[in-house]
Each structure stands twice: as C-alpha cells, then as structure tokens.
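Heads up: the sequence lines are chains A and B, in that order. Each residue of the first sequence is one higher than the last, beginning at 1460 in this note's numbering. Each residue of the second sequence is one higher than the last, beginning at 58 in this note's numbering.
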Amino acid sequence: MTTLFTDDHEWLRIEGDVATIGVTDYAQSQLGDVVFVELPKIGRSLKKAEAAAVVESVKAASDVYAPITGDVIEVNDALAAEPALVNSDAGGKAWFFKLKIANKSELDGLMDEAAYAKHTA
Amino acid sequence: MLARDEPSSLKRTPLHALHLALGGKMVPFAGYDMPVQYPTGVLREHLHTRASAGLFDVSHMGQIALRPKSGRPEDAALALERLVPQDIVAIAPGRQRYAQFTNESGGILDDLMVANFGSHLFVVVNAACKAEDEAHLRTNLSDVCEIEPLPDRALIALQGPKAEMVLAELCAGAPAMRFMDSSPRRIGDIDCFVSRSGYTGEDGFEISVPAEHAEALANLLLTDPDVLPIGLGARDSLRLEAGLCLYGHDIDTTTTPVEGALEWSVQKSRRAGGARAGGFAGADKILAQFENGASRRRVGLKPQGRAPVREAAVLFADTTSSEPIGRATSGGFGPSLNAPVAMGYLPISHATTGSSVFAEVRGQRLPMLVAPMPFVPNTYKR
C-alpha cells in the first residue's frame, strides 16, 4: 500500500487497482471548519483534473479534483452526515471516494510523503 | 484547491501586530490586511460570540466628524438630510441611527451610522466606500459643515451576551446605555466614543479609540477569559444570521432602501406628507416606491438541504424554467442555526414568507424557502 499526494493537497492510497482519495491535513487546516461535502456519484467516470467533489467551510466552497482518471466505485457517505470528520481525521475516516485506476502511469507524476512534506513546508 | 493573495500594498489597522500575535490568518479586505479568523476557527468564533463575548477589529471602517460651521448642531443634521432619507434632526444627543447615502436614481451609495454628539455629528461608514463617502460629504456639505475624517482612531466591537459585564469593569456607565446610545466616554483613562450597537444581532458595543491606545484597550478586554478575538469570517456569518445587509453585496447603487427591505430605517418625517418629506437624492423614486411598492425585494432564504447557497447563485421559480427570477446576494452556513442561510432579491410575487424558489448550484436546482429575518433573534438591550 502506497500513499501519494498532489499539488492540490489531496492524498491517494493505492491498493491494487483502487485509489482511495481524500484531502490532506494541511488542506483541512487551510479550509477551516468543514460544514458540507458533496461527493461524486458511484459509477461516474472522472478524468484527471476534473472537479470531482466539493468541500465547503463556513466561508467558502472549494473543489476537490480527480487526481487521476478512473471510475468512482465507492463514496464515503459518513461525510454527508458528519462533514467535520474532514477536520478531525482528514487522512483517515474522512476519505472522499474510491476510483478504479484507469491508467497506472498517471501515478508517476504524484508526490510521495517526503516530497509532499517539503511541498507544504 | 487553495489560493493565496499577497499582502503587498495592504493597509494595516492599529491592531495589526496584535492580530499576528494572536495567530490571525490574514487576508486582504477592502484594502486592509485583516484577520479572517484566529486559531479558534470561524465556527467556534461565531458560537463563542453568541454565547459569551467576541472582540472584533473594525478599524478599517471610516470615522468622520461633521462639525457645523454655524456652531448650531441642527444645521449639520439638516445638511446631512440632503444625502440620506433618514430623519437626522430627530436624533437626540447621545443617540445614533442607521442611514443610507442615496444616489439620484434611488440606489444606495453606502450605509452608515450617524450619532449626535451634541456639538457635532459622528458618522461611521464602510471601509470600501470611505474615500468616496468623504468626497461626497465634502462636495455636498462643505457649505455648512467641516468634514473631518478621523483616521487616527481605531474601532473595536465587543459583542455578545457577556459584553456588558466585561465592559462594565472598565466603563461604569456602559450597563446603563441602551441599544443605539452613542457618546464620548472614558474607558479607564482613555477618551473613547462608545455606542451600544454592532453587526452581529447580539447586544454589544462599538468603541472608537485613539489609535495609540487601541492595542492597550484590546489587550485589556482580551484579559477577560470570556472574551475571544473574532475574525471577519465569523463577523460575516453572524451578520448574515442577524439578517443585516453587507454593503456591495445585499445593497448597492442598483438597489433602493425599499427594495432592500430597509423601509423601517426611513422615518415618517421624510416620507410623503412628512414634515421634511423628500429633499434627498433619489427621493422621487424612493417615495414613489413607498406609495406603490417596488417590483422586487430583499428576502431571507433557507436552503432546504445541507448545501450552502452562496452569493451570486441564480434563483428560479421552479426546477425547469430557463428564466432566472433573482439572485442570492449573501449566503453561507449559519453556525448557530447549524444550517445554510442566504439572502437575495426576488420579484414581489415570490417574496412572501414560505414561497418556494430554487437556487442553481453546480448545475443542480436546490429548493429554498423564503424565510423571515433575522434568522437568529436579536438580543439588543432596548
């Protein structure tokens, strides 16, 4: 299992041909108190860099982009009931959605944990 | 996902260093580098203000003294009545009133507070408009008044149910003040202007203080464990729940006081048949709207789901029509309501409480109901 990161402060946990995607703890600290999360529909085909989900704080709405191309196979319904999970456990319970990876080569451009730590330092 | 603006040429209030020391997250606002929140976070800052007391730096706002050249205060009041549809003459010494500068087409150039300090008037205007407001006052009132901007004064708001108790420690006269009382007072040994008013829907005070004493006063207030510093984020969610207009969003040069649902702020003396009816910019249009009604109106809107409906969302009568009927002018999440809230303009046909409309958000039409404002009852000490 590998965890990768994007410039847009999303994380991807890779298990076989499935990527679980969420936003990083750094992202949630910048967003502030999350009050609403909108998730993609299961079955939707997402292209890399396409707006996939929305996370809203008291003040503003921000897009979460698909970091890679793939079909949505599962979404985290717990976020609809408890958006504040994004603040309390961004890297864990607050995963957003799972994608069936279409093209593994798209993972090559992403950062590992050390590179991401440098990116946000 | 995240964007940052550089604070290059931004102005700073006298409390800027304090904001940094308190961990404020600074953002550009109306040309100033201002705290949008502190480490507490917008949600808790909002709830803390409603439960206890919050301290806000609103020093970016414009403070202006209008001094009558004749020495007769009513001359300044009569002169200001040329620019606003309010009864300024009737503001008793030690009292203040909400007003709007209007333009020739009945639109609103800015909204403001006007206080009668006995010898002169003291007005507080919006930060983004203050240069234009000063010019407007000079152009139109210089025959009667000295227009004296007071850039060397900070403005601190202390808001919430514990504000009275906190301020009473430093200013024995504060508890006896009523909502919209406003006068020069000493806080400790600092000469301040204190009003019992604010922008949160809560009881509270706004304190104009000489810039050199601002940080000391803010620190003194913050030593009370009931007081937390509150940023612009919570200031906006508090005023939205209170149904209060944000200039440039909910009211502007294209909306009249009648369309903006601000009729309550226009006294009978300035309306048709009143002692000093009309005589302000845009009076023909505004007084006609008092007679005949306006075609649209600012209303409260409650999204029926959990998704916030934000400023500029387009409003429709149903889920299929292609013709918009209005627009949200403010919107977000109301922490005290634990639900999204918004306000916007709708045709009179749809502006009654309980009317159903739809807001387009990310390609979906979300149902909303027209709701009375304030969304959260105010707690002013009248």
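The beta-carbon is built from N, C-alpha and C at its ideal position, and this holds for glycine as well. What you are looking at is a predicted structure, and each value in this text was computed from that prediction instead of being measured.
Residue i bridges to which residues according to DSSP?
| i | result |
| --- | --- |
| isoleucine 1462 of chain A | Before going on, a small fix: residue 1462 of chain A reads as threonine here, not isoleucine. Paired residue(s): A/Arg1472. |
| proline 434 of chain B | Bridge partners of proline 434 of chain B: none, in fact. |
| isoleucine 1480 of chain A | A/Leu1471, A/Phe1556 |
| arginine 154 of chain B | B/Val171 |
| arginine 358 of chain B | It should be noted that the sequence gives leucine, not arginine, for residue 358 of chain B. Answer is B/Ala399, B/Val427. |
| serine 239 of chain B | B/Ser252 |
| valine 181 of chain B | B/Gln120, B/Met170 |
| proline 415 of chain B | The question names proline, yet the displayed sequence has phenylalanine at residue 415 of chain B. According to DSSP, phenylalanine 415 of chain B bridges with B/Phe373, B/Pro424. |
| tyrosine 1575 of chain A | In DSSP, tyrosine 1575 of chain A forms no bridge with anything. |
| lysine 68 of chain B | B/Tyr89 |
| phenylalanine 440 of chain B | The first residue shown for chain B is 58 and the last is 439, placing residue 440 of chain B beyond what the model contains. |
| threonine 159 of chain B | B/Ile165 |
| tyrosine 304 of chain B | B/Ile308 |
| aspartate 114 of chain B | B/Ile213 |
| leucine 1505 of chain A | A/Gly1529 |
| isoleucine 247 of chain B | B/Ile244 |
Excluding five sequence neighbours on each side, which residues of the same chain lie with their C-beta closer than 6 Å to the C-beta of residue i?
| i | result |
| --- | --- |
| proline 206 of chain B | Ile121, Glu191 |
| methionine 118 of chain B | Val181, Ala184, Leu212 |
| alanine 156 of chain B | Val141, Gln143, Leu169, Val171 |
| glycine 245 of chain B | Leu227 |
| alanine 428 of chain B | Gly357, Lys359 |
| isoleucine 148 of chain B | Arg154, Asn173 |
| leucine 166 of chain B | Phe158, Asn160 |
| tyrosine 1485 of chain A | His1468, Thr1579 |
| serine 412 of chain B | Val427 |
| aspartate 132 of chain B | Pro125, Val201 |
| methionine 430 of chain B | Gly300, Gly357 |
| proline 232 of chain B | Glu221, Ala225 |
Spatial neighbours of residue i within its chain, please: CB distance less than 7 Å, with the 5 preceding and 5 following residues excluded, ordered by chain position.
| i | result |
| --- | --- |
| alanine 60 of chain B | Reliability of the predicted coordinates at alanine 60 of chain B is poor, the pLDDT of 47 falling under 50, and the value obtained from them is presented with this limitation in mind. Excluding sequence neighbours, alanine 60 of chain B sits near nothing in its chain. |
| proline 1499 of chain A | Leu1505, Ala1511, Ala1512, Val1531, Val1534, Phe1556 |
| arginine 439 of chain B | Arg235, Phe236 |
| methionine 58 of chain B | Summary for methionine 58 of chain B: the model assigns pLDDT 48, below 50, so the residue's position carries little reliability, and this model does not support an answer. |
| threonine 376 of chain B | Phe415, Arg422 |
| threonine 311 of chain B | Gly164 |
| valine 418 of chain B | Ala364, Val366, Ala370 |
| histidine 306 of chain B | Glu368, Thr386, Ser387 |
Measuring alpha carbon to alpha carbon, tell me which of the options ends up nearest residue i.
| i | options | result |
| --- | --- | --- |
| histidine 407 of chain B | B/Arg327, B/Lys438, B/Arg355 | B/Arg355 |
| valine 1477 of chain A | A/Gly1568, A/Gly1529, A/Trp1554, A/Ser1564 | A/Gly1529 |
| alanine 225 of chain B | B/Arg210, B/Val251, B/Leu423 | B/Val251 |
| alanine 87 of chain B | B/Ala273, B/Ala184, B/Arg363, B/Arg124 | B/Ala184 |
| phenylalanine 113 of chain B | B/Ala214, B/Gly317, B/Leu277, B/Ala133 | B/Ala214 |
| leucine 100 of chain B | A/Ala1537, A/Gly1568, A/Lys1518 | A/Lys1518 |
| leucine 227 of chain B | B/Arg242, B/Gly217, B/Pro218 | B/Arg242 |
| glutamate 259 of chain B | B/Val433, B/Glu102, B/Ala156, B/Ala340 | B/Val433 |
| serine 393 of chain B | B/Ala108, B/Leu303, B/Lys342 | B/Ala108 |
| isoleucine 405 of chain B | B/Asn349, B/Gly164, B/Ala370 | B/Asn349 |
| leucine 423 of chain B | B/Leu358, B/Asn435, B/Leu135, B/Pro208 | B/Leu358 |
| alanine 351 of chain B | B/Leu319, B/Ala370, B/Cys302, B/Ala374 | B/Leu319 |
| serine 162 of chain B | B/Gln346, B/Gly411, B/Ala110 | B/Gln346 |
| tyrosine 256 of chain B | B/Ala74, B/Ser199, B/Arg419, B/Thr106 | B/Thr106 |
| alanine 1502 of chain A | A/Ala1486, A/Gly1475, A/Lys1559, A/Gly1551 | One detail in the question is off: residue 1502 of chain A reads as glycine in this sequence, not alanine. Nearest of A/Ala1486, A/Gly1475, A/Lys1559, A/Gly1551 to glycine 1502 of chain A, Cα basis: A/Lys1559. |
| lysine 187 of chain B | B/Tyr304, B/Asn435, B/Thr311, B/Ala332 | B/Tyr304 |
| leucine 72 of chain B | B/Phe179, B/Pro267, B/Glu102, B/Pro130 | B/Pro267 |
| arginine 367 of chain B | B/Thr386, B/Arg353, B/Gln361 | B/Thr386 |
| leucine 1507 of chain A | A/Met1570, A/His1578, A/Lys1577, A/Glu1565 | The question names leucine, but residue 1507 of chain A is lysine in the sequence shown. Residue A/Glu1565 is the option with its Cα nearest to lysine 1507 of chain A. |
| aspartate 309 of chain B | B/Ala110, B/Asp248, B/Trp321, B/Tyr402 | B/Tyr402 |
| aspartate 209 of chain B | B/Met425, B/Ser265, B/Gly128 | B/Ser265 |
| isoleucine 1480 of chain A | A/Ala1561, A/Pro1526, A/Ala1574 | A/Pro1526 |
Cutting at 8 Å between CB atoms, please list the residues of its own chain near residue i, excluding the five before and the five after it.
| i | result |
| --- | --- |
| serine 379 of chain B | none |
| phenylalanine 390 of chain B | Ser294, Pro365, Ala396, Pro397, Val398 |
| methionine 83 of chain B | Pro64, His76, Leu77, Asp90, Met91, Pro92, Val93 |
| tryptophan 1496 of chain A | The amino acid occupying residue 1496 of chain A in the given sequence is valine; tryptophan does not appear at that position. The answer, listed in chain order, is Ala1512, Val1513, Val1514, Glu1515, Leu1538, Ala1539, Pro1542, Val1545, Phe1555. |
In chain B, what lies closer than 7 Å to residue i by C-beta?
| i | result |
| --- | --- |
| aspartate 1492 of chain A | Gly98, Val99, Leu100 |
| valine 1545 of chain A | Going along chain B, no residue has its Cβ under 7 Å from valine 1545 of chain A, so there is no contact; the nearest lies around 12 Å. |
List, in chain order, every chain A residue whose beta-carbon is nearer than 7 Å to that of residue i.
| i | result |
| --- | --- |
| alanine 364 of chain B | Phe1495, Glu1497 |
| glutamine 94 of chain B | Gly1491 |
| serine 294 of chain B | Val1517 |
At 8 Å on the CB atoms, spell out the chain B contacts of residue i, in chain order.
| i | result |
| --- | --- |
| glutamate 1515 of chain A | Ala364, Pro365, Phe390 |
Quick one: which chain B residues come within Cβ less than 9 Å of residue i?
| i | result |
| --- | --- |
| alanine 1525 of chain A | Going along chain B, no residue has its Cβ under 9 Å from alanine 1525 of chain A, so there is no contact; the nearest lies around 12 Å. |
What in chain A is Cβ-close to residue i, meaning under 9 Å?
| i | result |
| --- | --- |
| arginine 419 of chain B | Glu1497, Ala1510, Val1513, Ala1520 |
Name the chain A residues whose beta carbon is nearer than 8 Å to that of residue i?
| i | result |
| --- | --- |
| glycine 290 of chain B | Gly1491, Val1517, Lys1518 |
Hey, does residue i have any beta-carbon neighbour from chain C nearer than 8 Å?
| i | result |
| --- | --- |
| tyrosine 1524 of chain A | Considering every chain present, this structure includes no chain C. Its protein chains are A and B. |
Touch check for the stretch 1485-1493 of chain A and the stretch 1539-1559 of chain A: three-plus C-beta pairs under 8 Å? Yes, since at least three Cβ pairs between the stretch 1485-1493 of chain A and the stretch 1539-1559 of chain A fall closer than 8 Å, the two stretches touch.
Hey, is the stretch 309-328 of chain B in contact with the stretch 285-292 of chain B, meaning 3+ C-beta pairs nearer than 8 Å? Contact between the stretch 309-328 of chain B and the stretch 285-292 of chain B is absent, because fewer than three Cβ pairs lie under 8 Å.
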